[in-house]
Amino acid sequence: MFDTLTDSFTNAIKKIRFRDDEKALKRALAELKKALLKADVHHKVVKELIGTVEIETKKAGVGKDQFLDALKHTLYGLLKVDGNQGFVFASSPPTVILMSGLQGSGKTTTTGKLAYYLKEQKKRKVLVVAADLQRLAAVEQLRQITAAIEVDLYEDESSKDPVSVVSSALEMAKKSLYDVVLIDTAGRLAIDDELMDELQSVRDTAKPDEIFYVADALTGQDALRTAQSFKEKIGIDGVILSKYDGDSKGGVALGIASQVNVPLRFIGAGEKMADLEVFMPDRIVNRLMGLGDIEGLAEKTAGIMDEKQAKKLTQKIKKGQFNFNDFLEQMESMKKLGSMQSIMGMIPGMGNMSKALKDFDMDNSDEIKTIKALVGSMTHKERENPDLLNNSRKKRLARGAGMDQMDVNRVLKQFKNASKMAKKFSGKKGMQDMQNLMSQMQGASHPR
Ligand SMILES: Nc1nc2c(ncn2[C@@H]2O[C@H](COP(=O)(O)OP(=O)(O)O)[C@@H](O)[C@H]2O)c(=O)[nH]1
Ligand SMILES: [Mg+2]
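Counting with this note's numbering, you get residues 22 to 469 for the letters of the sequence shown.
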């Protein structure tokens with residue numbers, strides 16, 4: 022997700038040849054500046070960042086390590102502004118969140134993503150409230166989203182008054198012991214008084230613990246200006262940057278917190294419900310410097326797979342018993358983690374892999390569709406024990422999945438190899454083997 026930015030940083034860093042002289046520092050700073058501007062980071066932000074890195078490096082003594090330390094430290098200072106990080110639960114439930122933003126910024130989608138995140142990764146009971154009564158299709162849109170992620174929705178289409186809808190929703194939330202209430206509100210194409218008045222009255226009724234402002238990354242610096250206005254008029258506690266997947270340069274994520282002086286809390290990078298990332302300044306700094314984010318990855322996977330399940334799976338892999346049922350289960354879990362690209366970007370040293378996987382879509386990959394079709398034609402016993410698959414069974418599978426037998430053989434062989442490989446990697450040196458393999462593959466591979 023931060024590939025372009027990470028590339029800019031790591032490339033700038035790679036080019037830096039330090040001897041202990043100030044000329045080298047100047048060159049390094051120039052390289053960094055160029056990279057940041059190219060990534061669309063606001064010029065004022067760049068100027069400040071470069072200035073601080075220069076001062077800090079000189080203070081510590083000019084050298085590559087000092088430079089990198091100063092950069093890391095300064096980046097962190099830039100991203101970390103006063104306020105909460107990630108999702109913060111109120112001391113007494115329900116935690117009430119008011120979503121705000123312009124029309125089309127991604128409020129409703131982001132409300133769904135947050136609900137999904139809280140349900141899947143934080144295991145909370147979430148109520149979404151449809152308080153956008155301006156647009157006709159708004160309630161229906163939220164109905165579809167919440168149905169798909171199996172989260173409860175409070176709606177009253179007969180009402181035209183968001184204030185009364187919100188107050189009944191909150192009553193219900195308290196009675197039914199919801200942990201979190203997410204209120205989706207109406208937006209406008211531009212800021213106007215009517216919208217702000219409506220938002221203010223909803224806010225005064227809901228008394229939210231936090232107000233999130235959803236900013237469309239594609240609108241660049243405009244998003245920042247609008248965020249400023251929302252901050253002045255209704256007060257905002259966090260920014261969520263949406264449509265980051267469409268912003269190829271990505272620089273707005275670096276400047277937004279310090280420019281609006283409100284922490285960036287989440288980033289939305291895709292239309293799917295799993296495409297939401299928690300924005301934690303220290304972790305992002307590591308990623309930007311090419312160091313990965315193991316902590317973030319662990320958190321993500323922990324929410325999706327419980328520990329028992331993970332242990333059972335590891336045991337199976339170690340014994341070489343990984344079968345097709347496990348495979349299907351894994352595929353479903355993986356989907357909940359979000360895009361392959363974002364997962365890879367969190368693993369140290371795999372930033373490049375993440376680009377190779379940019380267009381890999383778990384649902385629509387031909388390879389995975391083929392495997393699913395094949396598994397769909399297997400009996401339960403065959404799924405548990407792929408060794409049962411003799412020639413006549415393979416023939417049956419080919420017919421069932423509408424494939425020719427050569428393809429069936431090929432897929433089965435691939436699966437067997439993958440299972441062997443997994444067994445190998447599950448050993449003590451596993452992670453290291455995997456990294457070696459990946460670095461050999463880097464650049465050479467285009468996964469299908
Ligand atoms: N690619 C992409 N599209 C998004 C993202 N967030 C929202 N969208 C799309 O942006 C459009 C407007 O989103 P919506 O949630 O209805 O905006 P709202 O008017 O603020 O509620 C929809 O087509 C969404 O699918 C994102 O992170 N990435
Ligand atoms: Mg909406």
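Backbone N, C-alpha and C fix where the C-beta goes; we use that ideal spot for every residue, glycine too.
Residues that DSSP places opposite residue i in a beta bridge
i	result
residue 202	117, 148
residue 234	121, 260
residue 289	297
Residue j beta carbon less than 8 Å from that of residue i
i	j	result
residue 88	residue 46	yes
residue 209	residue 216	yes
residue 211	residue 150	no
residue 284	residue 106	yes
residue 160	residue 176	yes
residue 486	residue 273	Nothing in the structure corresponds to residue 486, since the chain is present only between 22 and 469.
residue 242	residue 63	yes
residue 99	residue 74	no
residue 60	residue 271	yes
residue 70	residue 309	no
residue 120	residue 130	no
residue 422	residue 439	no
residue 392	residue 432	yes
residue 183	residue 154	yes
residue 139	residue 83	no
residue 117	residue 230	yes
residue 226	residue 281	no
residue 228	residue 115	no
residue 404	residue 345	yes
residue 396	residue 334	no
residue 332	residue 347	no
residue 37	residue 80	no
residue 352	residue 389	yes
residue 31	residue 276	no
residue 102	residue 248	no
residue 244	residue 268	no
residue 402	residue 410	no
residue 91	residue 156	no
residue 136	residue 167	yes
residue 306	residue 35	no
residue 341	residue 416	no
Where the beta strand (DSSP E) through residue i begins and ends
i	result
residue 173	173-175
Range of the contiguous alpha helix (DSSP H) that encloses residue i
i	result
residue 298	Unbroken run through residue 298 is the beta strand (DSSP E), 297-299; no alpha helix (DSSP H).
residue 251	242-254
residue 216	214-227
residue 400	Segment: none, residue 400 is in no alpha helix (DSSP H) and carries neither H nor E.
residue 280	273-281
residue 111	Taken as a continuous stretch (DSSP letters only), residue 111 belongs to no alpha helix (DSSP H), as it is neither H nor E.
residue 303	302-309
residue 185	183-196
residue 135	128-141
residue 421	412-422
residue 160	159-170
Entirely within the segment 25-92 and at least 4 residues each: give me those alpha helix (DSSP H) ranges in chain order. Runs found: 43-59, 64-81.
I'd like to know if the segment 120-131 and the segment 256-276 are in contact, where contact means that at least 3 CB-CB pairs between them fall below 8 Å. In short, these stretches touch, since the Cβ pair count reaches three.
Tell me whether the segment 231-238 and the segment 253-262 touch, counting them as touching only if at least three CB pairs, one residue from each stretch, are closer than 8 Å. Because the criterion of three Cβ pairs below 8 Å is met, the segment 231-238 and the segment 253-262 touch.
Below 8 Å, how does it come out for the segment 294-305 and the segment 42-59: are there three or more Cβ pairs, yes or no? No: fewer than three Cβ pairs fall under 8 Å.
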